[in-house]
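Below is one structure; the comments refer to it alone.
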Amino acid sequence: MASSPSALDKEQIFGMAEKEMEYRVELFNKMTQTCFKKCVDNRYKESELNMGENSCIDRCVSKYWHVRFSLVYFWMYH
Numbered sequence: 001m002a003s004s005p006s007a008l009d010k011e012q013i014f015g016m017a018e019k020e021m022e023y024r025v026e027l028f029n030k031m032t033q034t035c036f037k038k039c040v041d042n043r044y045k046e047s048e049l050n051m052g053e054n055s056c057i058d059r060c061v062s063k064y065w066h067v068r069f070s071l072v073y074f075w076m077y078h
């Protein structure tokens with residue numbers, strides 16, 4: 001039977017989860033900034049994104065995640 005994690009183990013697990021969350025937030029922020037700069041006209045002609053901007057952001061986010069997952073796969077298996 002497995003023993004329950006010690007207080008130190010729990011602290012380490014919490015610390016790792018916290019670092020993972022910080023990494024994911026940073027990744028999301030970088031993706032948002034990158035795609036926004038690439039796709040949204042900085043003159044803000046309209047209050048909402050137009051169809052072209054929406055399409056660009058959709059493609060940008062899709063490519064961003066595809067590249068990230070491809071890199072992770074490459075690092076794990078090569």
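Numbering (UniProt numbering) for the sequence shown: 1 to 78.
Using N, Cα and C, we set each Cβ at its ideal position, and we do this for glycine too.
Rounded to whole angstroms, what's the CA-CA distance from residue 99 to VAL61? Just pull it up for me.
As shown, the chain starts at 1 and ends at 78. That puts residue 99 outside it, with no answer to give.
Expressed to the nearest angstrom, what Euclidean distance is found between the alpha-carbon atoms of ASP9 and MET16?
About 11 Å.
Can you tell me whether GLU22 is helix, strand or coil according to DSSP?
Note: GLU22 maps to helix in three-state DSSP.
Determine, using beta-carbon pairs with one atom in the region 17-25 and one in the region 35-47, whether at least three such pairs fall under 8 Å.
In the pairwise beta carbon analysis, the region 17-25 is classified as not touching the region 35-47: fewer than three pairs are separated by under 8 Å.
Locate the alpha helix (DSSP H) running through HIS66, then write down its first and last residues.
HIS66 -> alpha helix (DSSP H) spans 51-77.
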